[in-house]
Structures are given as C-alpha cells and as structure tokens.
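Chains as they are written, first to last, in this note's numbering: chain A, 50 to 171; chain B, 1159 to 1583.
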C-alpha cells in the first residue's frame, strides 16, 4: 500500500543522493548522478531515467528545507497516501506537516510548468 | 512489457519464469540434472558444482558409476585407478565409508539473506561496493555459499565480512568423499505451507542412485512473519503446522535414500531484534543520526512491505504474541518429529536457540547487534551464520553421537595427498 517497495526504494535513493551531495559539497542532482555512476552498466540506464524524471523535484529540495526524501517521493507520485491509510514516512516529518509541504511544492512546480507523471519503474 | 508475450523470447521467458522463479532450479543447466557449472542463478553457489553439464548421469551426491574408474560421476574429485592395488580410487578410498550429503529446506535465513550495508551508507558508496551487484541480484540477495548449512567458502567480498563454517563443511571434513554433495534449496519467504511440496523448491535426491543425506528443515520465522496489517490472521496455526510438516515428511520419505536423517529446527524468538536494535541508528540514518531501527520497522509496516510485522514492531504485546505463536509452532514440529515413523530416514527435532549463539559471541567479546543484518534488521549476520553452524553441529552430535562417529573416513589424509582440493567448487 501507499507505494510499497517502489516508495521505499525512492526514499532511500533520494536520501542517499542528498547525503552524498552534502559529503561532496555538490547539488543533489550531481549526488544522484554520482550514485548512478557507481552502478554497473546494466543498472545505470534505470538509474539515469530516474534522475532525468526526478531532476526538477530534486532541484526543489535545494530551495526548500522541508522537502525531505519522503516529500520528494510523494511529489514524484512514487509514494502516496491511499484512502483510509496513514501517511508513511521514514524521516522526521517536516514541521508544517507533510500534506502542506507537498501541496505548496506542487504549486511551485506547476508555476514552473513542471509535469511529473508516475514513473514506470518496474 | 510481459516478456512471455514476445514471440522470439517466449520460450526463454517461460524457462526463467517456471524453472527459476517457481521451481528455484538452476537456469543454466544444459543436461537438466538440477546441477550447474554456473555459479549464480541457483547454480554452484547453491548446490554442488556439476562436473559435466552435458550428461544427466554425472552430478554431485550420486553413487559412483563403475566406481569412477575413468570419469568422476559424482563430482567429488576422486576418480581413476589406484596403482598400488589396481582398483579404482573411489573403491579404495570411499566404498567402505558411510556417505552423507547435506540438504537444506529453508527460508531466507537458511539462504543467508544479506544486503551490503555500504549501499545504504552515503560515506561508503563507491564503485568498489557495487562491484558485485549483478552477482548479488542473480543470487536473490542471498549468500548460500557462506551460510550455516551449506557454506563452503570464506568471504572474498568486501561487502560481506566474517568467517564461514557449515554443516556441509563438517560432514565433508569427516569424509572427504562427501565433497560437493550439498543442496541449498532455501527460498526467501518460505514457510511450512509452501514447503509441503518440496519438489517446488528444487529438492533433488534419487532413492536408488544417490547417497543418503542429512536434511535440515529450518523455517525459523515466516510462519509467524508477514507484512499484512492484520498480521495475526495470517500466521500459521499449530494444526496447519503439523499438517504441513507431516506432508513434507511423507514427501521426503518417497525421495530420500535409506539411511538419511531429517533434522527439524524450531522457530526463532524474534524479540531479540527489537530489544537489541531499538536504540541503534540504521545505516541510512548514519549521516544525520535521524533514522533508528524502529523508524525503519514502522515505515516498512506502513507500506506493508515489512518481512515481519509481528516482531519488527514497537507494539510489545504483538511481539510477545508472535513469540508465543512461534513457540507453539515449534512444539507442533517437535510432536510430529518425535511421533513420525519414516521408512527411509530418522527424524530429529532441535530447538533453534539463538540465545546460545548470542552467549557464544558475547563470550568472545562481541555485542548482540553484530549478529543481526544491519540493513534489514531482521536476518542473522555472517558472524551469526558461523556461530549458528557450531550450535547446530553440537546439537546434532548430541542427538546422533554414534551416527556422527560412524561418518569418519580413515582415508581422508590419502585423499588430500592424492587429489588435493578435489577440484574445488
């Protein structure tokens, strides 16, 4: 439910990208690029597809401290909250609340004309 | 895209889907004898390496064909003529001895599930830690080759630390003629329900052509572990457990050569997981110290992808209930094991007392958390594998002292001198 394994993988990947970026003092997009470059060839294509689609949202993370990996994966539609279910989060919830942060970030992305469709990661 | 709908790939897809996905058999197995020369994809990391993939008559564990005068039919590395007596080596070095293969019917703990913690630690990510990612995926994130029952090699991987010892290595040490005679048919998520037809899990033994085997039936958690939010409703009941185990024993009686043994282990008490890890930081939270194990447990439960809601839970009553059910299921296994009369094997029951492993490790100066896989916070680590094999062996020796004594081959030194590593693995 709520995105299941795909959601979990997304949160981990975004979190690692964020941490790698901090360690190397670079942008989060470069951080995730760096992670992809560590993978063997056949896994790099999937990783790069993820980066390509996720880049606008990952860039938002640099400007909004409340966009945690959990929020980023909600924005990517890889995590969601199904009716009657609680919202899942691995990292501490952002102060204004997950729902509010997601809503505001979506509005900003729409203003920038960024469309994020659900990723077809199999 | 469902690859089985593609005309050219259909047959290959079906092969992968059924043979690998459902039956858990090696994919690369030309002669279809269920043994392979390829390491991963249920190959020689999981079961003794095939000495010929072009003849279904040659495979590990079989009785030697024409005493292996010319060919090594059972892949134990012993073949040819002994010039001192003009008899085949297999006859002079192995014939008079009692042979015993090793077979595991188990779950992810038996297969040794391990995800490298380096993959979740930002400061340690590098090309090196992902070097073996293909092998790891092809082995379903399992490391049977370093496991407690069928492990045969010390880890040479930077992402897996710790020594290896196993039941197989001990039986091989007693009699070098047992070389390569092992099968790890464990499957991640296996429980007594899907084990009651072991055929599905690639178990392979022929009553007339193969040597007896020591079968370890070890399902230490999945009968009480599941990811459902109503986890208790999905736990196996004691009656179901008895029925399932009985069904497996009946099946084994039609497959195992006479003189075999089935050792059933009880379920683990998983309360140790939460008790040990509740205040520890998970590798993904190392950088900011913001994610502890209970956070990971709750997150996985929320997504309903937890391997074990019962034990990986901050709800103490639920953890206690899960342990109580696990103990009841162990008693059910014990009752069946002590009352079942098989035609071809003897059944024994041993507890899986992880506390003994903990005590041993603490006596060596270690700490309990080192015995648990850091990424999933659920499975036994490589060190736990090593120590579990010792505990398992001590229990077996205690229950079958005469049998174990009778397995010694006095020709081992000569086998080493003549055949060296017997072809390795």
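Where is the CB? At the ideal position from N, CA and C, for every residue including glycine.
From a predicted model like this one, the values you see are computed outputs, not experimental measurements.
Using a Cβ-Cβ cut-off of 8 angstroms, residue 141/A is close to 1448 of chain B, given in chain order. DSSP lists 1341/B as the bridge partner or partners of residue 1205/B. Distance between residue 1342/B and residue 94/A, taken at the CA atoms: about 33 angstroms.
With fewer than 16 other CB atoms across the displayed protein chains lying within 10 angstroms of its CB, residue 1179/B is exposed. For the options 1493/B, 1391/B and 1409/B, the alpha carbon positioned closest to that of residue 1423/B is the one of 1493/B.
Taking a cut-off of 8 angstroms for Cβ pairs, the segment 1252 to 1271 of chain B and the segment 1357 to 1371 of chain B touch, as three or more such pairs fall below it.
Per DSSP, reduced to three states, the secondary structure at residue 1245/B is strand. For the 7 angstroms CB-CB criterion, residue 1279/B and residue 1304/B do not form a contact.
A straight-line Cα-Cα distance of about 16 angstroms links residue 1185/B and residue 1209/B. Ranking 1525/B, 1552/B and 1388/B by CA distance to the CA of residue 1463/B puts 1388/B first. Of the other Cβ atoms in all chains shown, fewer than 16 fall within 10 Å of the Cβ of residue 159/A; this residue is therefore exposed. Contact between the segment 1311 to 1326 of chain B and the segment 1478 to 1487 of chain B is absent: fewer than 3 CB-CB pairs across the two stretches fall below 8 angstroms. Around the beta carbon of residue 1166/B, fewer than 16 other beta carbons lie within 10 angstroms, which makes this residue exposed. Residue 1371/B sits in a strand when the DSSP states are folded into three classes.
Neighbours of residue 85/A across chain B, judged by C-beta separation under 7 angstroms, do not exist; the nearest C-beta is about 10 angstroms away. With the criterion set as a beta carbon lying under 8 angstroms from some beta carbon of chain A, the segment 1421 to 1434 of chain B has no members that meet it.
Within chain A, the C-beta atoms nearer than 7 angstroms to that of residue 1460/B come from 51, 135 and 137, in chain order. Sequence-distant partners of residue 1362/B (beyond 5 residues in either direction) whose C-beta falls short of 6 angstroms from its own C-beta, in its chain, are 1192. Each of 1217/B, 1431/B and 1425/B was checked against the Cα of residue 1510/B, and the nearest Cα belongs to 1425/B.
Proximity of chain A to residue 1278/B at the Cβ level (cut-off 8 angstroms) is accounted for by 61 and 65, in chain order. Within the segment 1269 to 1347 of chain B, the complete beta strand (DSSP E) segments of 3 residues or longer fall at 1340 to 1342, listed in chain order.
Closest in alpha carbon position to residue 57/A, among 1508/B, 1458/B, 1548/B and 1582/B, is 1458/B.
For residue 1198/B, the closest of 1294/B, 1340/B, 1397/B and 1318/B by C-alpha to C-alpha distance is 1294/B.
Residue 1348/B counts as buried, since no fewer than 16 other beta carbons sit within 10 angstroms of its beta carbon. Comparing alpha-carbon positions, the option among 1517/B, 1238/B, 1442/B and 1380/B lying closest to residue 1226/B turns out to be 1238/B. Between the alpha carbons of residue 1283/B and residue 60/A lies a distance of about 17 angstroms.
Taking all protein chains shown into account, residue 1161/B has fewer than 16 neighbouring C-beta atoms within 10 Å of its C-beta and is therefore exposed. If the five residues before and after residue 1222/B are omitted, its C-beta is found closer than 6 angstroms to the C-beta atoms of 1231, 1232 and 1248, all from its own chain and listed in chain order. Here the segment 1392 to 1405 of chain B lies against the segment 1485 to 1503 of chain B, with 3 or more beta-carbon pairs under 8 angstroms apart. A check of alpha carbon separations from residue 1568/B across 1331/B, 1292/B, 1317/B and 1264/B identifies 1331/B as the nearest. In the DSSP secondary-structure assignment, residue 1450/B is bridged to 1439/B. Taking 8 angstroms as the upper bound for CB-CB distance, residue 111/A and residue 77/A are in contact here, some 6 angstroms apart. Counting every other CB atom within 10 Å of its CB across the protein chains shown gives residue 67/A a total of 16 or more, marking it as buried. Ranked by Cα distance from residue 1307/B, the options 1543/B, 1473/B, 1298/B and 1285/B are led by 1543/B. The C-beta distance from residue 1203/B to residue 1274/B rounds to 16 angstroms, too long to fall under 8 angstroms, and the pair is not in contact. Using a Cβ-Cβ cut-off of 7 angstroms, residue 72/A is close to 1280 and 1281 of chain B, given in chain order.
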